[in-house]
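In our numbering, the protein residues as written are 27 to 356.
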């Protein structure tokens with residue numbers, strides 16, 4: 027087969043009750059050498075992604091490389107963010123006439139941040155490897171046990187690797203991430219989803235890269251990184267990241283076929299494309315101080331959506347929020 031799915035030990039987490047190592051799933055296109063790895067037991071996170079544009083294999087994901095660094099990572103590397111991405115002011119929101127208080131996990135800014143599922147363990151419910159694709163299906167079930175979000179849900183993540191298009195010889199394989207979040211309770215619930223990957227182009231310094239974003243408006247943020255309004259984006263086209271420090275939120279242009287953010291290295295003549303489906307109406311871009319990666323974070327809702335309602339989806343019992351993200355290079 028042209029695609030394979032294998033497992034290997036990633037090691038034992040420092041606080042694990044069991045001495046059993048957690049597993050890393052390795053998915054490969056054996057024809058091109060491209061592939062990715064996922065750690066289901068730690069939030070289902072994507073730890074590695076190697077793509078081969080122009081037949082040259084490059085590393086495109088920055089994530090922890092050991093159990094110890096994974097355990098102490100506070101950057102939410104590759105984390106899935108649900109039922110809310112980004113921040114909720116003071117961790118407090120009101121829904122259907124009731125007040126709720128979420129766990130305060132950003133005490134410096136007095137906010138709740140990045141949902142409730144990272145780094146919870148996901149279950150691998152299916153894996154496939156064929157001549158035309160390989161996939162992993164992960165699932166996390168939440169029983170509604172946290173007082174601040176008493177709404178049961180089931181979150182399913184599908185990772186799929188497919189070969190380069192036959193008519194595009196310089197393009198890499200494509201990683202597709204599909205999510206579906208189902209309301210498993212008997213009442214309505216608020217829902218929003220995001221993904222928090224840090225992208226790199228062979229660890230090239232950020233200052234040498236450019237980024238082209240499908241932006242409609244800039245979301246204005248206060249000192250606690252909470253929205254205060256909007257303004258049009260003044261700079262269009264590819265923006266140089268040299269000496270540019272970003273921790274910025276945006277609304278994206280409304281396109282039924284989705285929109286794409288492009289991270290480009292002029293030195294390597296390589297571009298990384300991050301496509302988000304129409305479900306994702308927002309985007310956060312962050313450049314860490316270490317200057318070796320760029321967080322490109324598709325969000326289905328605005329920052330503090332549990333309070334401002336911007337992009338927030340209300341799911342009836344049995345309904346689901348769904349979307350897709352695709353990553354490729356050329």
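All residues carry an ideal CB built from backbone N, CA and C; glycine is no exception.
These figures come from a predicted structure and were not determined experimentally.
Determine the direct distance from the alpha carbon of residue j to that of residue i, and round the result to whole angstroms.
i	j	result
residue 319	residue 209	35 angstroms
residue 361	residue 277	Only positions 27 to 356 of the chain appear in the structure, and residue 361 is not among them; the question remains open.
residue 248	residue 115	11 angstroms
residue 78	residue 342	42 angstroms
residue 288	residue 316	21 angstroms
residue 274	residue 97	26 angstroms
residue 31	residue 122	44 angstroms
residue 285	residue 238	11 angstroms
residue 84	residue 214	44 angstroms
residue 361	residue 147	In this structure the chain extends from 27 to 356, so residue 361 is not present and cannot be described.
residue 251	residue 156	45 angstroms
residue 175	residue 212	14 angstroms
residue 301	residue 352	5 angstroms
residue 324	residue 309	5 angstroms
residue 63	residue 51	5 angstroms
residue 177	residue 347	14 angstroms
residue 119	residue 81	50 angstroms
residue 311	residue 225	11 angstroms
residue 27	residue 35	23 angstroms
residue 49	residue 161	16 angstroms
residue 38	residue 350	31 angstroms
residue 59	residue 196	15 angstroms
residue 337	residue 344	20 angstroms
residue 233	residue 291	10 angstroms
Bridge partners of residue i, per DSSP?
i	result
residue 299	288, 354
residue 74	63
residue 188	200
residue 57	Beta-bridge pairing links residue 57 to no other residue.
residue 347	207
residue 294	Note: residue 294 sits in no beta bridge, so no partner.
residue 278	241
residue 174	Paired residues: none, contrary to the question.
residue 37	48
Mapping the DSSP letters down to three states, classify residue i as helix, strand or coil.
i	result
residue 96	helix
residue 266	strand
residue 81	helix
residue 29	strand
residue 45	coil
residue 89	coil
residue 283	coil
residue 181	strand
Within the 8 angstroms Cβ cut-off, does residue i reach chain B?
i	result
residue 296	Included in the structure is just one protein chain, with no chain B present.
Between the region 114 to 128 and the region 61 to 75, can you find at least three pairs of beta-carbon atoms closer than 8 angstroms? no
List in chain order: all unbroken beta strand (DSSP E) runs of 3+ residues lying wholly within the region 191 to 264. 200 to 209, 215 to 217, 220 to 222, 236 to 238, 241 to 247, 253 to 258
Would you mind listing the beta strand (DSSP E) stretches within the region 101 to 169 that are 3+ residues and don't spill past its ends, in chain order? 105 to 107, 113 to 115, 118 to 121, 124 to 127, 137 to 139, 149 to 155, 160 to 168
Extract the residue ranges of the beta strand (DSSP E) inside the region 298 to 344, only unbroken runs of 3 or more that lie entirely within it. 308 to 312, 320 to 325, 339 to 341
I'd like to know if the region 103 to 113 and the region 217 to 237 are in contact, where contact means that at least 3 CB-CB pairs between them fall below 8 angstroms. yes
When the Cβ atoms of the region 49 to 56 are set against those of the region 182 to 193, are three or more pairs found closer than 8 angstroms? yes
Counting Cβ pairs closer than 8 angstroms, one from the region 192 to 204 and one from the region 259 to 270, do we hit at least three? no
Is the number of C-beta pairs between the region 224 to 231 and the region 81 to 97 that are closer than 8 angstroms three or more? yes
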